[in-house]
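Input: a single structure, listed below in structure tokens.
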Amino acid sequence: MFTQSVLKNKCYIFSKRDFNDDYSNIPERKINMMLSGKCLCNFPKMLDEIKFDEYPTHNQISSLQNIIKKKLNTSLEITLGSGANGIIQNLVKLTFIKGGNLVTPFYTFNQVEYAVSAMNCFTKRVFMDDNHIDFQKLLKSVDKNTRMIYISNPNTPTGDFVDSDVLLSYINKISKKILIVIDESGIEFTNKKSLIEYSLPNNVIILRSFSKAYGLSGLRIGYMLSSKKFANKYKENIAGYDVSIFSCKMAEFLIEKNLYKENVKLILKEREWLKNELQKLNIHTYTSYSNILFTKNTFNDIFLKALYDSEISVVPVYDETNRIHVRIAIQDSVTNKKFIATLKNLITGGKIL
């Protein structure tokens, strides 16, 4: 179910959504361009080294936290979780227990909005400016009931990126009583400075994931960077054992071997190829700093059905006026080529566009 009410002369839409809206409920087809956690390089085999009949110990979790901290060269506290999304769900439970609203760009990672709706609270979806976050509108949308601001950077589903110094200049204008969550799950694809390289207010939380650049989407592991005070509050209220031994060991191995760099390189190469091939078909996409492409073109339900009937899965994204854009996640070379070939046949056959 999706309900929203347009408020005249406002710069946002109030919305309340449930998990039935999520694209994870869309049946995947043979050519699956939906899910964005891919490992294109050779994956290490480690099953023999892992004991599956044990819970992760304090020492194992601390080991991974220390490795992350050393790699990032940060004094911020590291808290592990079941993917960035798992941490988001927990942050919402902590923050919205007494009600309030979430402020977020109109296009964003929608799981945070679903979590807020599950707490019987509302989201202010702030209208964007040609795919870019409009920070003036975002600041105007904050009120006395705002409990959290969530920004995905690089943005999902659009792939846009806001330079960290610009982002911080707006963060500093927001009340320190409001939790500000910056999701950097795709930061490794940007070659840009992260917010962790700056001195941050204590109300700022940064999320990272092992799903995107590291290709561990199936293992559900991510982490939060925060002040020590907030990390302690989180641990006091959230149950442990959010991550598995297998997840911790794989993440540790990939960090120490720097294997994610090769994966990022391969994904970026495929992204540019796919963007160019789509352009040849007169399907244009916005500049992406992530492992996804977001179409400038808008489509209709006939287009989506034609893709589905041709065994292609994509993520439809509805804009402020309910026009349909498409989010395409970068896959391996074989899948990307099948996608383009099938799309080309549909277009030349006059079935779409």
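Take this note's numbering: the final residue in the sequence shown is number 349, and no numbers are missing along the way. Note that CB positions come from ideal geometry on N, CA and C, so glycine has one too. Just so you know, these numbers come straight off a predicted model, no measurement behind them.
- Going by DSSP, Ala325 is part of the beta strand (DSSP E) stretching over 320 to 325.
- A contact is defined here as three or more CB-CB pairs under 8 Å, and the stretch 71 to 80 meets this definition with respect to the stretch 212 to 219.
- Following the DSSP letters along the chain, one finds Thr75 inside the beta strand (DSSP E) bounded by residues 73 to 77.
- By the 16-neighbour rule on beta-carbons within 10 angstroms, Asn86 is buried.
- The Cβ-Cβ distance between Met30 and Ser243 does not fall below 8 Å.
- If you draw a straight line from the Cα of Phe131 to the Cα of Asn332, it is about 35 Å long.
- Under a 10 Å Cβ-count criterion, Pro197 is classified as exposed, with fewer than 16 other Cβ atoms of the shown protein chains found around its own Cβ.
- In this structure, Glu273 and Ile336 form a Cβ contact; the two beta carbons are roughly 5 Å apart against a cut-off of 8 Å.
- Assignment of Asn272 by DSSP, reduced to helix, strand and coil, places it in the helix class.
- Asn149 places its beta carbon less than 8 Å from that of Ile178.
- Taking a contact to require three or more Cβ pairs closer than 8 Å, the stretch 276 to 293 and the stretch 53 to 71 do not qualify as touching.
- If you check the CB distance, Pro312 and Ile324 do not come in under 8 Å.
- The beta strand (DSSP E) runs lying completely inside the stretch 158 to 187 and spanning 3 residues or more are 175 to 179, given in chain order.
- Bounds of the alpha helix (DSSP H) holding Leu342 are 329 to 344.
- In the DSSP assignment, Ser148 forms a beta bridge with Asp179.
- The DSSP-derived three-state label of Asn97 is strand.
- Cβ neighbours of Arg25 within its own chain (closer than 6 Å, five residues either side excluded): Glu307, Ile308, Ser309.
- For Ser306, the secondary structure class from DSSP, reduced to helix, strand or coil, is coil.
- In this structure, Ser181 places its C-beta atom within 8 Å of the C-beta atom of Ser207.
- One alpha carbon belongs to Tyr194, the other to Ser165, and they sit about 11 Å apart.
- Met220 sits in a strand when the DSSP states are folded into three classes.
- Distance from the CA atom of Met246 to the CA atom of Asn151, rounded to whole angstroms, is 26 Å.
- Within the model, the alpha-carbon separation for Leu135 versus Gly96 is close to 16 Å.
- In the DSSP annotation of this structure, the continuous segment of the beta strand (DSSP E) that includes Lys120 starts and ends at 118 to 122.
- For Phe226, the closest of Lys189, Ser59, Lys173, Asn187 by C-alpha to C-alpha distance is Lys173.
- Per DSSP, Val108 lies in no beta strand (DSSP E) segment; the continuous alpha helix (DSSP H) that holds it begins and ends at 107 to 114.
- For the pair Val112 and Leu90, the CB atoms are not nearer than the 8 Å cut-off.
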